[in-house]
Every structure is written in C-alpha cells, then in structure tokens.
Amino acid sequence: MSQCYKPGDFKTYFNENMKDLGLPVPQTLFDNLNAAVANAGLVLDALETLGTGATMAEVIKATTGLEKLKVAASLGASFYVGAVIGSIAVASGRSVGCGNRVSDMFVFLQQNNLAFDGWNSFYARNPEILDKSSRFRVAYRSKALVGSGVYA
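Mapped onto our numbering, the consecutive letters of the sequence shown carry residue numbers 20 to 171.
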C-alpha cells in the first residue's frame, strides 16, 4: 500500500465526491474499497436483470443487503451506480493511488469487473462525476431524478 494512504481516506474521498454530485451516501455500504466494489457490483447485476430504466427502489427490492440504499430510492439506478463507480475510481485514485490520473479509471473498471455496457459514453456525457473542478457537479442529481436512467 502506498505511503500516502491513511485509514479512512477512501471513505472520506468517496463521500466527498458523491456529496459534491448532490447524491446521498448510505452508511457502511461504501466505507472501504472492497465493500464499495462489491456493492456496486450487486447494483450492476440487478440492472442487468431489471434494465437500465430501473429505479434504485426497484434494485433494492430485487436484491438483499442493499436496503441502506433506500436513501437513493427515487433516483435512476443507472445514474446512481454510474456516480458510485466514478466515485470509487476517484476515491481509490486519491487514497490508495496517491492521486493517480483519472485515465487510470479505465483499468480500474476492468480489473474490478465494474465495466458496464456504454460506460465510456456514460462518463463522456457526465464528466462532472470525475472532474472535481466542474461547475456542473451539483446538477448531476437532477439528471438522476428526471433522466430516463439510461446510461448507454
């Protein structure tokens, strides 16, 4: 592990990125890299079954262990999980990777089996997820609320 990493950094950076996007973060589901990757994978698996237009409420009903995500029940699941995966990449890059480039996210997605159909166009259309300096970050929540939920 890198010398710049301190215990708790991942959670801090993950929560910061999600809150900057105007999105709720449930307690404990995304507190560390392993838990975050596992829980994002559960949401992706549910989306494969339910379809990209599903809400987080539908994902919660279709899974076990994600009940704490009820704080995001009104959001489009594909928008929410897209922000979660982007926030995982940002947080792991800043904490474990000592601030690696965002381009490292592409390797991260493949290595952690979090790549989803259309992920590259999703992040191209929603750069505010990964760009902390974007003035549009806080508006991302409105996309998740009123968007079709289709990420590809």
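For each residue, glycine too, the CB sits at the ideal point set by N, CA and C. Computed from a prediction, not measured in an experiment: that's the story for all the values here.
Between LYS38 and ARG156, the alpha-carbon positions lie close to 9 Å from each other. Rounded to the nearest angstrom, the gap between the Cα atoms of LEU133 and VAL90 is 22 Å.
Beta-bridge partners assigned by DSSP to THR74: GLY95. In this structure, PHE135 sits near LEU66, with a CB-CB distance shorter than 9 Å. The alpha-carbon separation between GLY137 and ALA57 amounts to approximately 20 Å. Shown here, ASN53 sits in a helix according to DSSP, grouped into three states.
Within the same chain, and ignoring the five residues on either side of VAL62 in sequence, the residues whose Cβ sits closer than 6 Å to its Cβ are VAL78, VAL100. Distance from the Cα of ASP50 is smallest, within the candidate group VAL103, PRO146, SER153, THR74, for VAL103. Burial is judged here by how many other beta carbons sit within 10 angstroms of a residue's own beta carbon; GLU147 has at least 16 and is buried. Counting every other CB atom within 10 Å of its CB across the protein chains shown gives ASN53 a total below 16, marking it as exposed. Membership of ALA143 in the alpha helix (DSSP H) is indicated by the continuous run 138-144. The beta-carbon separation of PHE33 and ALA92, rounded to 20 Å, does not stay under the 8 Å limit for a contact.
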